[in-house]
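Residue numbers (the UniProt record's numbering): 1 to 166. Where is the CB? At the ideal position from N, CA and C, for every residue including glycine. Okay, structure first, notes after.
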């Protein structure tokens, strides 16, 4: 299942075995004169941010904006953080750190993962699993670290020259 944004419209593309892909219209982004009105596309187009009643709300491109997750902490606490994913109703941010991976549970809505990797290219977060997979890239090797959102534990693995393309 993929969500794509074409000319300010959101579509799903679902694979149906053995060889069919069905594309379905989801909704229009709120636009006026080719400029987003209130909706900002973030995190490679997969997440959208907007202000509702004076609070920042973030949601997946495929989700109804009314079900967005409120950023319920002060801006100062998120300094240096980059939104990475939405998982089980929580916003997951990554922040560059000089130490190994650690997790901070900032609020009921927000988890911050401090990581020594500055180039996290791929993140896999499926609500059916408590695990969130982060795939940072380095010049000669790859690492994989996994956040267990139930225990807030992290497992980190270094892998030589793995291609994460999918």
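Simplified DSSP state of residue i, which is helix, strand or coil
i: residue 114; result: strand
i: residue 8; result: coil
i: residue 76; result: helix
i: residue 19; result: coil
i: residue 136; result: strand
Residues bridged to residue i (per DSSP)
i: residue 143; result: 158
i: residue 27; result: 10
i: residue 54; result: DSSP lists no partner for residue 54.
i: residue 94; result: 82 and 113
Opening and closing residue of the beta strand (DSSP E) in which residue i lies
i: residue 71; result: That residue, residue 71, is in no beta strand (DSSP E); it is neither H nor E in DSSP.
i: residue 105; result: 102-107
i: residue 40; result: 40-42
Proximal residues to residue i (C-beta, below 7 Å), its chain only, five neighbours per side dropped
i: residue 117; result: 136 and 143
i: residue 152; result: 103 and 105
Cβ-based neighbour list, residue i, same chain, cut-off 6 Å, excluding 5 preceding and 5 following
i: residue 145; result: 101, 134, 154 and 156
Beta-carbon separation (whole angstroms), residue i vs residue j, contact threshold 8 Å
i: residue 72; j: residue 49; result: With 8 Å as the limit, residue 72 and residue 49 do not qualify as a contact, their Cβ atoms being about 14 Å apart.
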